[in-house]
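Numbering (UniProt numbering), first residue to last: 1 to 248.
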């Protein structure tokens with residue numbers, strides 16, 4: 001059922017804020033999913049809601065490729081074949097620079113912390129490159145989620161469309177939470193943009209933005225207990241009033 005976006009909230013006003021806050025705060029990157037199928041109507045409903053996110057001059061830059069079943073398995077197999085062969089994967093470059101080429105503090109510190117927290121939960125010791133590679137390779141199996149999403153946009157578009165895209169991705173993840181589904185947005189696919197385009201017959205004028213896993217979380221998996229720390233508002237917000245600056 002499609003929702004009239006201008007209609008009144010379907011829940012009491014006093015619960016509305018709590019519900020929206022819950023959807024945002026309960027979102028986390030799930031790295032182990034159940035095989036439970038996600039009905040196509042739920043996938044379509046999620047995308048149908050997400051399309052109402054903000055977008056500059058209504059450009060709507062998003063293009064979505066939904067992979068399930070044999071199509072998902074074929075894509076995962078094609079990527080893994082290259083990922084497991086350093087002679088084929090070492091020289092590949094991302095579709096664009098998602099991360100900085102030179103890491104500085106505090107960003108490198110946060111990156112390292114989440115990495116070691118995850119590996120710690122999984123019992124992967126520092127320097128165990130084989131197990132690290134295997135864990136990272138689970139990205140390309142969509143962490144066993146039944147649904148994989150591949151997001152692209154026209155190459156002629158610029159940085160502003162990436163801002164729009166971020167809002168679209170967030171809307172997808174929030175709509176998923178509203179259906180008791182979880183997600184994992186994945187920049188790991190950027191390195192394999194060429195093989196993805198080949199397998200899914202994506203036109204050359206489309207640029208890969210990222211991938212995403214979608215499904216029901218396996219709450220018994222230890223990696224899904226990972227919850228990342230976030231800085232308090234006072235650490236990143238400055239209020240300007242009457243020519244004076246105050247922190248939160």
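Glycine included, each C-beta is placed from N, C-alpha and C at the ideal position.
Everything numeric in this text was worked out from a predicted model, so none of it was measured.
Considering only the beta carbon of each residue, do residue 95 and residue 208 sit closer than 8 Å?
Against a cut-off of 8 Å, the Cβ pair of residue 208 and residue 95 comes out as a contact.
Here's the rule I'm using: 16 or more other beta-carbon atoms within 10 Å means buried, otherwise exposed. How should residue 241 be labelled?
Looking at its Cβ environment, which holds fewer than 16 other Cβ atoms inside 10 Å, residue 241 is exposed.
Can residue 165 be considered in contact with the ligand HEM, in the sense that its beta carbon sits closer than 7 Å to one or more heavy atoms?
Absence of the ligand HEM from the depicted structure is noted, as is the absence of any ligand whatsoever, leaving it without description.
Any chance the stretch 85-100 sits against the stretch 61-70, with 3 or more Cβ pairs inside 8 Å?
No, they do not touch.
Where are the beta strand (DSSP E) runs, 3 residues long or more, that stay fully inside the stretch 137-187, in chain order?
With a minimum length of 3 residues, the continuous beta strand (DSSP E) runs that stay inside the stretch 137-187 are 147-154, 182-186.
By how many angstroms is the C-alpha of residue 17 removed from the C-alpha of residue 130?
Approximately 45 Å, taken between the alpha carbons.
Just list the residues that DSSP pairs residue 206 with in beta bridges.
DSSP lists 154 as partners of residue 206.
Which word fits residue 88, buried or exposed, when buried means at least 16 other C-beta atoms lie within 10 angstroms of its C-beta?
Exposed is the call here.
Do residue 198 and residue 153 count as a contact pair if the criterion is CB distance below 8 Å?
Cβ atoms of residue 153 and residue 198: not closer than 8 Å.
Among the candidates 178, 194, 233, whose CA atom is the shortest distance from the CA of residue 22?
Of the candidates 178, 194, 233, the one whose C-alpha sits nearest the C-alpha of residue 22 is 178.
Excluding the 5 residues preceding and the 5 following residue 75 in the sequence, name in chain order all residues of the same chain whose CB lies nearer than 6 Å to its CB.
Same-chain partners within the cutoff: 67, 199.
Looking at residue 174: is its Cβ nearer than 8 Å to the Cβ of residue 24?
Cβ atoms of residue 174 and residue 24: closer than 8 Å.
Anyone know if the C-beta pair for residue 188 and residue 136 falls short of 8 Å?
Against a cut-off of 8 Å, the Cβ pair of residue 136 and residue 188 comes out as a contact.
Taking the beta carbon of residue 210 as the centre, do at least 16 other beta carbons fall within 10 Å, making it buried, or is it exposed?
By the 10 Å Cβ count, residue 210 comes out buried.
Just list the residues that DSSP pairs residue 189 with in beta bridges.
Answer is none; residue 189 lacks a bridge partner.
Between 47, 231, 69, 237, which has its C-alpha nearest residue 107's C-alpha?
Of the candidates 47, 231, 69, 237, the one whose C-alpha sits nearest the C-alpha of residue 107 is 231.
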